[in-house]
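Chemist: Structure below; questions to follow.
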Amino acid sequence: MPDELALAAAARWRGQPGRLEVWYATLSDPVSRVGLWIHHEIVAPTDGGPPFSHGWITWFPAQGEPQTQRFGPEPLGPADHGDSWYRGAGGRVEPGSLVGRAGAMAWDLRWTDPAAPLWTFPRFVWERELLPGAQVVLAPTAEFQGTLSLNGTAHQIDGWRGAVSHIYGHGNAERWGWIHADLGGQDALEVVTAVSRRPGLRALRPVAFIRLRTDGRDWPGSTLPAIRVRTALDLPNWHLQGRIGKHEIRIRVNQPADRCVSLRYQDPDGTTAVCTTT
């Protein structure tokens, strides 16, 4: 388990141009439904320009519009981050903790998760970097403790549930959908469905990677893409439907505009990406 966590979480970028690396956490209070999204990026421009770090934090109140604070961009410091997986603009991500500050928000969070990482993409794809991008949930059923300061008011984070994930590759997809669903206990669903930006692949339908963990077992048995599952990407509603083996699968997602935040940012090649999250 420690070796598997290190593989899933440790920084992979080694100075190459045209790379994107992300660590992010999503968590929510199961009682009040208040949510939090913390997103750290390292971007190494394709044209060989200086690499930088940046990101954002979004607070989703139980009532009212989400509030976002951005941090960076800042030039990257020395590559040796000690025990940190990420150390740059906004703060740091370390084993069991996320600490940082951005504008009117500051956070000091601790997380624990006895579960093994959830390999959304095949593990060998992650290890050998065989695709333009891949993702792994290093803590799929994390429990969070700590504090979040918002406009000078401290909010206690106690028993919030969520996940910590890691992305590495050449940039964002042309279009994509992502789901993390905490199903209670150590059960979780993770979905990444996307259309590649690579020439010749942009016209293809989205390819879905689906992982369901229940009672300590990951399904489906194969981590290859679910080629018989079709995705309809749109807002505010999108869905996946099809078959995996003998089982029919149907996943429907609703993202009400007043509960979403849409953020624009830049890929390593300079193109603009937009992520809409709730």
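Residue numbers for the sequence shown follow the working numbering, so the first one is 58 and each next one is one higher. All C-beta atoms in this analysis are idealised placements derived from N, C-alpha and C, irrespective of residue type, glycine included.
1. For D315, which of G190, V150, G242 and F117 has the nearest alpha-carbon?
2. Considering only DSSP beta bridges, list what D239 is partnered with.
3. If I follow the unbroken alpha helix (DSSP H) through V182, where does it start and stop?
4. Where DSSP assigns a beta bridge to D215, which residues make up the other side?
5. Consult DSSP for E61 and reduce its assignment to one of helix, strand or coil.
6. Can P179 and T271 be called in contact, C-beta distance under 8 Å?
7. Quick one: using the 10 Å Cβ neighbour count with 16 as the cut-off for buried, is V284 buried or exposed?
8. Give me, in chain order, the residues of the same chain whose beta-carbon lies closer than 7 Å to that of L62; leave out the 5 immediate sequence neighbours on both sides.
9. For S222, count the other beta carbons within 10 Å of its own beta carbon; 16 or more makes it buried, fewer makes it exposed. Which is it?
10. Check the DSSP bridge columns for C332 and list the partner residues they point to.
11. According to DSSP, is D170 helix, strand or coil?
12. Consult DSSP for A163 and reduce its assignment to one of helix, strand or coil.
13. With 16 other CB atoms within 10 Å as the buried threshold, where does H304 fall?
Modeler: Taking the geometry as given:
1. Residue mapping note: residue 315 aligns to position 258 of the sequence shown, counting from 1. Of G190, V150, G242 and F117, the residue nearest in Cα terms is F117.
2. Residue mapping note: residue 239 aligns to position 182 of the sequence shown, counting from 1. Its beta-bridge partners are A245.
3. Taking the sequence shown and counting its residues from 1, the one referred to as residue 182 is at position 125. Judged by DSSP secondary structure, V182 falls within the alpha helix (DSSP H) whose first and last residues are R180 to R185.
4. Walking along the sequence shown from the start, residue 215 turns up at place 158. According to DSSP, D215 bridges with Q202.
5. Mapped onto the sequence shown, residue 61 falls at position 4. It is helical.
6. Against the sequence shown, residue 179 aligns to sequence position 122. Against the sequence shown, residue 271 aligns to sequence position 214. Judged by beta-carbon spacing, T271 lies beyond the 8 Å limit of P179, meaning their Cβ atoms are not closer than that value.
7. Residue mapping note: residue 284 aligns to position 227 of the sequence shown, counting from 1. Reading off the sequence shown, one finds Ile at residue 284, where the question assumed Val. Exposed, by the Cβ-count rule.
8. Within the sequence shown, numbered from 1, the residue matching residue 62 stands at position 5. Around L62: P174 and L195.
9. Residue mapping note: residue 222 aligns to position 165 of the sequence shown, counting from 1. When all chains shown are included, S222 counts as buried.
10. Locating residue 332 in the sequence shown gives position 275, where the first residue counts as 1. The partner list for C332 (beta bridge, DSSP) reads L320.
11. By one-based count along the sequence shown, residue 170 stands at place 113. Coil.
12. The residue labelled residue 163 in the question sits at position 106 within the sequence shown. In the structure shown, A163 sits in a strand (DSSP, three-state: E or B).
13. For the purposes of this step, residue 304 is identified with residue 247 of the sequence shown, where counting begins at 1. By the 10 Å Cβ count, H304 comes out exposed.
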